[in-house]
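Data block below; observations after.
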Amino acid sequence: MEKLIYTFDEGRSGNKELLGGKGANLAEMTHLGLPVPEGFTITTECCMNYLADASFFEKQLKAEVLKAIQNLESETGKSFTSTENILLVSVRSGAVFSMPGMMDTILNLGLNDYRVQDFAKLTNVNFAYDCYRRLLQMFGDVVYGIHKEQFNVLLHQMEKSLNKKVTDFNEAEHVELIESYKNLFSKNKVAFPQDPMEQLFEATKAVFKSWNNQRAKVYRDLHNIPHHLGTAVNVQSMVFGNSGEESGTGVVFTRNPSVGDNKLFGEFLINAQGEDVVAGIRTPEPIESLQTILPEAYNDFIKHSHKLEQHYKDMQDIEFTIENGKLYILQTRNGKRTAKATLKIALDLAAEGLISKEEAIMRVSPEVIDQLIHPVFDTEKLTAVDAFATGLPASPGAATGSIVFTADKAKEYTALGKKVILVRQETSPEDIEGMVVSEAIVTSRGGMTSHAAVVARGMGTCCVTGCEALTVNESAKTVLCGNHTLTEGDMISVDGSTGSLYLGEIPTIVPENDQSLQQLLTWADECAELKVRANAETLQDLQTAIDFGATGIGLARTEHMFFGEERVLEMRRLILAKDEEEVQAALNKLLSFQQEDFYQMLKTVQDKPMVIRLLDPPMHEFLPHDANEIKSLADQLNRYPSAVEKQIEKLQETNPMLGHRGCRLGITEPLIYQMQVKAIFNSAIQLAKEGLTICPEIMVPLISENAELDYVKSFLTETIEATFKEHQMEPFPYEIGTMIELPRACIIADQLAENADFFSFGTNDLTQMTFGFSRDDIGKFINTYKEKQIMQQDPFQVLDQSGVGELIKLAVDKARQTKENMMIGICGEVGGNPESIAFFQQIGIDYVSCSPYRIPAARLAVAQAVLK
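Taking the numbering used here, I'd label the letters of the sequence shown as residues 52 to 919.
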C-alpha cells in the first residue's frame with residue numbers, strides 16, 4: 052500500500068507535490084536541525100482520494116492517523132488522550148503552491164471539558180481556557196461552518212457584562228463562556244466532540260474539504276494553480292505563544308517584502324497565538340523590539356533566519372513561536388512580495404553570489420514586469436492635495452475608485468463598469484472575490500503581514516492596512532475620519548507606496564523605467580533567441596515601444612491613419628466617388644496625409660525594421676450609418692442624402708470579416724494599395740536622402756491563394772520601382788511579405804514562401820477562422836466554457852497549441868522547406884503571452900510582436916523560454 056503519512060524527519064523539500072509546500076518545508080527544516088515542533092504530514096493524495104470517495108477515510112486513513120498519533124506521543128513523551136502531560140496539536144492545510152489564508156487551520160486540538168482542567172493545573176487557568184475557547188471557535192468555524200464572528204459576539208457580550216477583558220476572567224467565568232460557545236453549537240444542531248481523536252478525524256476531513264471552498268478556488272484561478280493537486284494536512288505538536296509574558300508569536304520576512312531591502316521585516320505579539328498576528332485583531336510590534344524584550348530568542352531567530360535564507364537561496368517568510376523563552380520555527384516558505392521587491396531581491400541575490408544571473412531572470416515573472424510599469428500618482432497633482440488619513444504602506448501602487456464595504460458590493464459595482472476601493476476593518480479569506488476586482492484595499496486594523504497585505508502583494512494590488520484613524524462601520528456603510536464622513540460610492544484615492552488616502556480622484560502616470568528593471572532586461576536580452584517587436588500605429592506608440600526596448604515594429608496598422616476628421620472625409624470621398632477625377636483627387640489628398648505619417652513613423656523607428664500592413668478592413672467601416680451623419684456627409688460631398696444612403700447600402704456585406712477586405716480590396720481597387728506604397732517609399736527615399744538607412748517591410752493581409760500574392764506583389768513592385776525612378780534614386784532593399792491568418796494559407800505556406808519575403812502570423816484572425824469563434828462575441832460564452840472545463844483559457848489570449856499552434860508549426864516547417872532562412876514573426880495578441888512565447892520558441896519563430904506596454908514582460912518571457 053502506498054505510504055499515506057510521513058513524519059517530519061522522513062520527508063525533504065523535494066517531496067513538495069506529495070507533502071505540500073508546508074509539509075516539505077517542515078521536513079527540510081527538521082533535516083537542517085532547526086527547532087521545529089514534532090509532527091507528521093498526511094499526503095495530498097489522501098486529500099484527493101477522500102474528496103473522490105469519503106469512505107477512503109474510514110477504510111484506509113483512520114488507522115494510519117491513529118498510528119501516527121501514537122508515534123507522536125512516543126516522540127514527545129506526552130499524551131494526546133489522557134490527562135497527564137497533555138499533548139495538543141495543530142491541524143493545518145499545506146498546498147503544493149502557497150495559498151495564504153485560503154484554506155483552514157485549527158489550533159489547540161485535543162482539549163475537552165476534562166483535559167482543560169488538568170491543562171490549567173499544568174499551566175494556568177487563563178492560558179488553558181484561552182486555548183480551549185480558541186479551539187471551540189476554530190472548530191465550529193472550520194468543521195461546522197459556524198461563522199467565527201458569532202463566537203466573538205458572545206465573547207464581547209460577556210466582557211461587557213462583567214466589565215473586564217477575557218484575560219482577567221476567573222475559572223467560573225471562563226467555564227460560563229465555554230458553555231455559551233457550546234450552546235451555539237447546539238443551536239446549529241451539532242455538538243463539539245469531547246474525544247480528542249474524534250476532533251482530529253473531523254478536523255482532518257474539514258481541511259481536506261477546504262481545498263474546494265470558494266475562496267480557494269478563486270485564488271487558484273487567479274494564480275493559475277491546478278485544481279487537481281489537493282492539500283496535505285500537517286498535524287504538529289502545539290507550542291504556546293500565549294503562555295505568558297516570556298512567550299509570543301510572530302511572522303517575519305528575511306527581507307522587506309514591499310521594497311526588497313536586505314533587512315528583517317516583520318511583527319510579533321507577546322502572549323499571543325499565531326492567528327492573532329495575521330488576523331489583525333491586535334496591533335503587533337516590529338520584530339526589532341524583540342531584541343529588547345527577549346534578547347536570547349531574538350539572537351536565535353537571527354541565526355536561524357540567516358540559515359534558512361542561505362539554504363533556500365531566497366527571501367523567507369517565517370512563522371515562529373516563543374514558549375517560555377524558547378524559540379520554535381513553525382514554518383518557512385519563499386515569501387510573497389511586491390513587484391518592486393521581487394526585482395530588487397532577485398538582483399541582490401545575484402550580486403551576493405547566492406544565485407546566478409540566469410536564476411535571477413527566472414525568479415521574476417512577466418506579470419511582475421507588468422506591475423512595475425503601471426501607474427503611480429502624478430506628483431505635481433499630489434502636492435496640491437492633503438491626505439485625510441495614513442496607514443501602513445502594505446502593497447505599492449496608486450488607485451482611485453468608489454468606496455465599497457463588502458466583496459459582493461465590489462463585484463456588483465465592477466460589473467457596472469465602476470472602479471472600486473474595498474474598505475474593511477480587516478479582510479478575511481472570504482473576501483477574496485471582492486479583493487480580486489478592487490483597484491485597492493484599505494483596512495483600519497492589521498499590520499504589514501495581515502491577510503489583506505499578503506494577498507494584495509501577491510496580486511500586485513495597491514493596499515493600505517492598519518489605518519487606525521478610520522472608523523469603519525460596515526453595516527452602516529460609513530467611514531469616519533476626523534471631520535470627514537464618507538459613505539458607499541464616495542470617491543477616494545489610495546497610495547499603497549506611502550499609505551496615504553486622499554479624497555476624490557488624483558491622476559496617475561506611468562513611472563519611468565528604473566535602472567533595476569533595465570539591468571534585468573539587459574540580462575534577459577543576452578539570453579534571448581526570439582526578438583521582441585511592437586504592434587504600433589501612432590507616433591506615441593512607436594516611441595513608447597522603442598523606449599521599452601522593442602527591436603522593431605512587427606505590425607504598423609495603416610487603417611487607423613484614416614480616421615481623423617479630415618482624413619475620413621477623403622476616404623469616404625474615395626469610396627463613394629462618382630468618377631475617376633474624384634477618385635484621383637481623394638487619392639492625392641490621402642497620399643499627402645500618408646506620406647507625412649510614414650515619414651514621421653520611419654524617422655522615429657530609424658534603422659529598426661518596421662512591418663507596415665496595407666489596408667485591411669472592409670470599406671463599410673469607414674462609412675457613417677446614422678441618418679444625421681449621412682446627411683452631413685452628403686452636404687460635404689455636394690450630393691443628395693438619399694443617393695449617398697443607397698451607395699452605402701450597396702456596400703453593406705452579410706459577413707464583412709469574411710468579405711471584401713484585405714488583399715481582396717487591393718486586387719479589386721489596386722489604386723489604394725498603390726497610393727499607400729507610394730507614400731511609404733516617398734517617405735523612405737526622403738529619409739534616405741537625409742542619411743538614414745531605411746528598409747521598409749510591406750505586408751499584404753488576408754492572402755489565401757498564391758495567385759493573390761503574386762498579383763498584388765507584381766503591381767506593388769512596379770509602383771515602388773516607378774517611385775525610385777521618379778526620385779532619380781538608386782533602389783535600396785525592401786521586402787514584401789504576407790500575413791498568415793487563414794488556415795488555407797498555413798496549408799499552402801510552401802507555395803506562398805516562393806513569392807513572400809517574410810511571413811507574420813495574425814493569430815487573432817487565424818484563431819477566429821480556425822475555431823469559427825468571433826473574437827468580438829466570445830466574451831458571451833467563454834466564461835461558461837471555462838467553468839464547465841470545456842476550455843481552460845480564452846484562445847485569443849493564450850495560443851491554442853493543439854489546433855492553431857499546429858497550423859502555425861505546419862506553416863513554419865513548409866515555409867522553411869522553400870526558404871530556409873525566411874524571417875517569420877507573430878503579430879497577434881498572443882505574441883505577448885508568456886505561455887505562447889514558449890511554444891513559438893520551440894517551433895523556430897524569429898520574433899514576436901505585441902502592444903508597447905507588453906514589451907518589457909515579453910523581453911523577459913523570451914529569455915525564460917530559452918532558460919526553461
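From the three backbone atoms N, C-alpha and C, an ideal C-beta is built for every residue, glycine too.
Boundaries (first-last residue) of the alpha helix (DSSP H) holding residue i
i	result
P692	P692 to L702
I833	I833 to E838
S643	E631 to V656
I926	In the structure as shown, the chain starts at 52 and stops at 919, and residue 926 therefore has no counterpart that could be examined.
I920	Nothing in the structure corresponds to residue 920, since the chain is present only between 52 and 919.
I472	Where I472 is concerned, there is no enclosing alpha helix (DSSP H), although the beta strand (DSSP E) it sits in stretches over V471 to R475.
L320	Run containing L320: none in the alpha helix (DSSP H); it sits in the beta strand (DSSP E), F316 to I321.
E672	Looking at the DSSP string, E672 is not in any alpha helix (DSSP H), and its letter there is neither H nor E.
V436	V436 -> no alpha helix (DSSP H), and no H or E assigned at all.
V917	I906 to L918
Reduced DSSP category for residue i - H, G, I as helix; E, B as strand; rest coil
i	result
H535	strand
G191	helix
I412	helix
L552	strand
T719	helix
V751	strand
A491	strand
L625	helix
D546	strand
G196	coil
R306	coil
G299	strand
R63	coil
L443	strand
S501	coil
V204	helix
S294	coil
E68	helix
For residue i, the residue or residues it bridges with in DSSP
i	result
K582	Y898
N159	Paired residues: none, contrary to the question.
M874	F809
A146	T282
I560	V427
P337	E318
T705	T705 is not bridged to any residue.
V530	V523 and L537
V140	L160 and S288
Short CB-CB distance (under 9 Å) between residue i and chain D
i	result
K870	Annotation note: the requested chain D is absent from the structure, which comprises a single protein chain.
Delimiting residues of the beta strand (DSSP E) encompassing residue i
i	result
C513	C513 to T516
F812	F809 to F812
T465	No beta strand (DSSP E) holds T465; the alpha helix (DSSP H) holding it covers A458 to A466.
A449	A449 to V455
Y165	Looking at the DSSP string, Y165 is not in any beta strand (DSSP E), and its letter there is neither H nor E.
R664	M661 to R664
N524	T522 to N524
V863	No beta strand (DSSP E) holds V863; the alpha helix (DSSP H) holding it covers V855 to T869.
T58	I56 to T58
E431	Premise fails: E431 lies in the alpha helix (DSSP H), T430 to L433, not in any beta strand (DSSP E).
Integer-rounded CB distance, given that residue j should sit under 8 Å from residue i
i	j	result
T255	V284	5 Å
D482	A458	5 Å
V695	L684	6 Å
Q727	L665	5 Å
C878	G605	5 Å
D454	E556	Correcting the residue identity first, residue 454 is Ile in this sequence and not Asp. Actually they are not in contact, since the Cβ atoms of I454 and E556 sit about 13 Å apart, beyond 8 Å.
I120	L251	7 Å
I875	F809	7 Å
A585	A601	4 Å
A804	A866	4 Å
If we require 4 or more residues per run, which alpha helix (DSSP H) segments fall completely within the stretch 343 to 408? Taking only runs of at least 4 residues, the alpha helix (DSSP H) segments lying wholly in the stretch 343 to 408 are 346 to 363 and 390 to 402.
Segments of 3+ residues assigned as beta strand (DSSP E) that fall wholly inside the stretch 74 to 136: Annotation note: the stretch 74 to 136 contains the following uninterrupted beta strand (DSSP E) runs of length 3 or greater, listed N- to C-terminal: 90 to 93.
Completely contained beta strand (DSSP E) runs for the stretch 207 to 292, where each covers 3 or more residues: If we require 3 residues or more, the beta strand (DSSP E) runs fully inside the stretch 207 to 292 come out as 282 to 288.
Secondary structure, alpha helix (DSSP H): runs of 4+ residues fully inside the stretch 761 to 811: Runs found: 794 to 798 and 800 to 806.
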